[in-house]
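> Start counting the sequence shown at 10; every next residue gets the next number (the numbering used here).
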Amino acid sequence: MQIALLESYAVLPLAAGFLLQGLAAFLLLNFYRSPSGKAVKPGLFALSVVAILFLAVSNVLAFVIPSVFVYSSGVLAASAVILALAALAPRFVPVEAAPEPEPEHVADEEPGEDPLIGIAQRFLQHVSESLAGEVNLVRLLDFVNESMIENTAADGGVVFLTDDFEDVIAAKSYSGKFPPPYKLPGDLPHKAVRVETNFRYAQFALGETIFGEVAASGKSQLIPNGAADDRIYVNEPEDFLKPGSYIVVPLMVKDRVVGVAGLARLPEREPFDEENFRIANALSLYAGAAINNVYSVQEILEHADLEREASIASKIQKTLHPKRLPDLPEVGFGSFFTATKGVCGDYYDIILARRDRIAVVVADVAGKGIQSSLVMSMLRSILHLVTNTTKSAGVILDWINKGITGKIDMDHYATLSFLSYSPADHSVEYASAGHQPLLIWREAGKKIEVVRQNTDPIGVERGSKYPELKLTVQKGDIIIFFTDGLIEALNQEGRQYGVESLSRVIAQSSSLTAKEIATEVKHNIQAFVGSAGLHDDQTLVVMKIKA
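(1) For Q230, report the span of its beta strand (DSSP E) as first-last.
(2) In this structure, does DSSP put R363 in helix, strand or coil?
(3) May I ask you to list the residues that DSSP assigns as paired with K553?
(4) Return the CA-CA distance between P233 and N207, expressed in angstroms with no decimal places.
(5) T467 lies in the beta strand (DSSP E); which residues open and close that run?
(6) Straight-line CA distance for W450 to V508?
(7) Buried or exposed: which applies to E118, given that a residue is buried once 16 or more other Cβ atoms fall within 10 Å of its Cβ?
(8) Any contact of the stretch 435-450 with the stretch 377-393, i.e. 3+ C-beta pairs under 8 angstroms?
(9) What residues in its chain sit with their C-beta under 7 angstroms from that of H393, if we drop five residues either side in the sequence?
(10) Along the chain, which unbroken stretches of the beta strand (DSSP E) at least 3 residues long are found entirely within the stretch 190-214?
(11) Could you pull the start and end residues of the beta strand (DSSP E) that G507 belongs to?
(12) For A106, count neighbouring Cβ atoms within 10 angstroms of its own Cβ and tell me buried if that reaches 16, exposed if not.
(13) For T424 versus A372, is the C-beta distance shorter than 8 angstroms?
(14) Tell me whether F174 is buried or exposed, calling it buried when 16 or more other Cβ atoms sit within 10 Å of its Cβ.
(15) Classify V243 as helix, strand or coil using the three-state DSSP reduction.
(16) Identify which residue in I367, D164 and I534 has its Cα closest to the Cα of N285.
(17) Does the beta-carbon of T548 have 16 or more other beta-carbons within 10 angstroms, so that it is buried, or is it exposed?
(18) To the nearest angstrom, report how far apart M387 and T464 are at their CA atoms.
(19) Report the partner residues of W450 according to the DSSP bridge assignment.
(20) Where does the unbroken alpha helix (DSSP H) through A225 begin, and where does it stop?
(21) Alpha carbon to alpha carbon, what distance is there between A556 and V437?
(22) Rounding to the nearest angstrom, what Cα-Cα distance links Y255 and V147 in this structure?
(23) Okay, do the stretch 264-273 and the stretch 236-249 touch, 3+ Cβ pairs below 8 angstroms being the bar?
(24) Name the DSSP bridge partner or partners of E438?
(25) Rounding to the nearest angstrom, what Cα-Cα distance links P331 and D355 in this structure?
(26) Measuring straight from C-alpha to C-alpha, what distance separates K479 and S518?
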């Protein structure tokens with residue numbers, strides 16, 4: 010029983026010894042293949058391998074004769090010794106036997122990173138932070154100016170921006186000490202504070218002074234000695250006005266000069282060198298790209314503001330137009346309007362303020378956006394108030410004009426057609442404020458009648474007069490209101506739709522209902538225009554006498 014237990018214990022050290030022998034052989038082989046291992050004598054290496062092989066064979070025999078527990082334990086101990094020798098073998102190799110590494114050559118080292126890369130990264134970081142917050146061009150120009158001063162070891166710097174409309178450059182950022190290279194005004198006291206203030210707000214025409222020359226040519230200039238350069242004006246005798254060394258570089262955006270940056274060193278210091286000039290030119294490229302980004306973001310924000318304003322105006326406008334046209338026993342209505350850019354400057358309404366009168370109004374407000382929507386809202390409010398009176402159409406327009414003139418911008422005047430219809434006697438009162446003519450289809454004569462009035466738009470002159478016309482209509486007659494965008498619609502050949510085309514469609518569809526007539530006109534205009542885009546809003550209101 011005891012012998013069997015010993016035999017079972019012998020298996021564990023035998024298996025562990027076998028693993029240690031394999032690991033020792035692996036370490037010896039790798040070491041011998043290494044440069045350091047070449048110093049070991051081949052005989053010694055071969056002897057070590059033979060010893061490991063002998064122990065491996067002994068392990069196999071021990072498995073065959075497992076009762077020899079002591080023998081298996083000895084094999085384990087010998088294997089551990091061999092492993093230790095293999096692990097410590099590199100320490101016994103003489104140092105001089107190992108090949109010495111070849112010396113490294115300084116010429117083979119990679120050159121250090123250009124400092125401009127770090128500067129560019131700081132530029133990008135600053136621009137990203139400024140765009141993430143409030144977009145402030147002046148703050149960006151101050152950063153550009155300070156960066157150029159710091160990285161060129163200048164005493165002062167200035168940044169100008171160009172004004173394309175006036176062909177001038179204007180100082181936007183100023184820092185440090187900068188002897189002005191231009192002639193100071195004759196009445197300006199030569200005091201440091203006054204001269205600096207003059208420089209901070211200086212403006213020069215393109216081609217004027219060294220700054221204007223660079224803005225006009227787009228070419229950078231390095232001036233080592235300003236006192237000896239004809240392009241630099243010397244404002245002596247004060248020491249702080251004596252010129253030193255200058256660098257002037259253009260700020261470019263897509264081959265277009267958007268500004269100029271100037272750097273100065275005082276005369277007692279070493280002048281700028283080519284390395285400073287290189288850095289200044291590189292920084293000017295970064296600055297131009299940064300300014301372009303700010304311009305682009307500002308343009309996007311302005312566009313977004315316009316889109317947001319258009320959306321608000323469109324919502325206001327939808328509340329002003331009638332939700333549903335009335336269908337009365339005496340008269341029927343049809344209409345359509347199409348906006349060119351989401352916001353229609355046209356306004357129309359059917360007002361049933363009095364039992365004995367039906368009012369129809371069509372207006373075209375100049376301009377777009379919230380302002381035009383507010384003008385529409387004012388028109389609608391006044392109309393719904395005054396049409397409840399017994400005043401004539403001309404007086405109503407006069408009241409509207411006096412109520413609006415002076416309260417809106419001249420850019421948002423309105424043309425307007427106003428009609429008041431009495432179903433009892435088929436009488437019509439009509440007045441126009443500079444609007445398109447009124448068309449009346451006379452069913453009895455089967456022809457179109459054009460009614461025109463030469464009057465001022467609403468909101469132009471407070472004293473404008475609006476005389477009314479009194480007409481009568483009969484059953485089957487059709488009254489057509491429209492805005493100029495409808496008859497001025499252009500096809501691909503550049504030809505206008507015109508009153509004649511509108512009149513022809515009315516004549517051909519006169520037997521239809523008012524709603525169907527409006528639909529026919531809409532389809533006819535769409536077919537005429539084709540793929541050509543609309544350039545103005547289109548509004549049509551059809552009123553057909555039914556009884």
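Cβ coordinates follow ideal geometry from the N, Cα and C atoms, glycine included.
Walking through what the data contain:
(1) Segment Q230 to I232, the beta strand (DSSP E) holding Q230.
(2) strand
(3) K553 pairs with G341 and I487.
(4) 24 angstroms
(5) The amino acid occupying residue 467 in the given sequence is Ile; Thr does not appear at that position. Where I467 is concerned, there is no enclosing beta strand (DSSP E), given that its DSSP letter is neither H nor E.
(6) 13 angstroms
(7) Since pLDDT at E118 reaches only 40, below the 50 mark, its modelled position is unreliable, and the value read off the structure follows with that caveat. Exposed: under 16 other Cβ atoms inside 10 Å.
(8) no
(9) I360 and A362
(10) 212-214
(11) No beta strand (DSSP E) holds G507; the alpha helix (DSSP H) holding it covers G507 to Q517.
(12) Any reading at A106 needs caution, since the residue's pLDDT is 46, under 50, leaving its predicted position unreliable; the model's value is listed next. Under the 10 Å beta carbon count, A106 is surrounded by fewer than 16 other beta carbons and is classified as exposed.
(13) yes
(14) exposed
(15) coil
(16) D164
(17) buried
(18) 20 angstroms
(19) I457 and I487
(20) Note, A225: alpha helix (DSSP H), T218 to S226.
(21) 14 angstroms
(22) 23 angstroms
(23) no
(24) S429 and K479
(25) Roughly 13 angstroms between the two C-alpha positions.
(26) Whole-angstrom Cα-Cα distance: 26 angstroms.
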